[in-house]
């Protein structure tokens, strides 16, 4: 199973906001930290806000932040929201299924079971589980000036 880039980026954005929960994050900062374009981050942020995971503020002093505590954000729910529209295989697509084996295929049932197991594991995880006490993630998502203070890559404040 391969995740869409949108789902991957959604989780990166949420983790960034959870790690930097002491203030508002800017899309440009998130894009740089997540190795993504500002345009793609903006699209994902908009969708996360629509789904109630993020709050957004426009303008010069605007930014984004989690709309609820990290402990209240289910990783499984996020994945379900972002991956739900994509059928795992052709036979899962009611309208676009042209497979002649659908009625006799045993693989389909195994894939259904595997997908349920996959989402079941993710349903047990909260965003807090991913970020709490994860110092490597905190270092990766720290602002450049903060990285220098915590021993990471040198930023502007290191001089």
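In UniProt numbering, the protein residues as written are 1 to 159.
The beta-carbon is built from N, C-alpha and C at its ideal position, and this holds for glycine as well.
Note that the structure is a prediction, hence the values are computed from the model and not measured.
Taking the continuous alpha helix (DSSP H) assigned at residue 139, which residues delimit it?
Taken as a continuous stretch (DSSP letters only), the alpha helix (DSSP H) holding residue 139 covers 135-141.
Taking buried to mean at least 16 other C-beta atoms within 10 Å of its own C-beta, is residue 113 buried or exposed?
That one is exposed.
| field | For residue 70, three-class secondary structure by DSSP | value | In the three-state DSSP reduction, residue 70 falls in the helix class (H, G or I).
- prompt: What's the call for residue 142, buried or exposed, on a 16-neighbour Cβ count within 10 Å?
  reply: Result: buried.
(message) So for residue 102, helix, strand or coil by DSSP?
(response) Assigned with DSSP and collapsed to three states, residue 102 falls in coil, not helix or strand.
Consult DSSP for residue 54 and reduce its assignment to one of helix, strand or coil. In the structure shown, residue 54 adopts extended strand secondary structure according to DSSP, grouped into three states.
**Prompt:** Helix, strand or coil for residue 65 per DSSP?
**Reply:** Strand, per DSSP.
*Report the option in 119, 122, 23, 102 whose CA atom is closest to the CA atom of residue 57.*
Considering only alpha carbons, the answer is 23.
Buried or exposed, going by whether 16 or more other CB atoms sit within 10 Å of the CB of residue 20? By the neighbour-count rule (16 or more Cβ atoms within 10 Å), residue 20 is buried.
Below 8 Å on the Cβ atoms is my contact criterion, and I expect residue 126 with residue 84 to pass it. Report the Cβ-Cβ distance as a whole number of Å. Beta-carbon to beta-carbon, residue 126 and residue 84 are separated by about 19 Å, too far to satisfy the 8 Å threshold.
- Task: Whole angstroms is fine: what's the gap from residue 124's alpha carbon to residue 74's?
- Result: Straight-line Cα distance between these residues: approximately 7 Å.
Taking DSSP as the reference, what is the three-state secondary structure of residue 126? Of the three classes helix, strand and coil, the one that applies to residue 126 here is strand, per DSSP.
For residue 25, which of helix, strand or coil comes out of DSSP?
In the displayed model, residue 25 falls within a strand according to three-state DSSP.
For a cutoff of 8 Å on Cβ pairs, would you count residue 98 as touching chain E? The question asks about chain E, but that chain is absent: this structure has only one protein chain.
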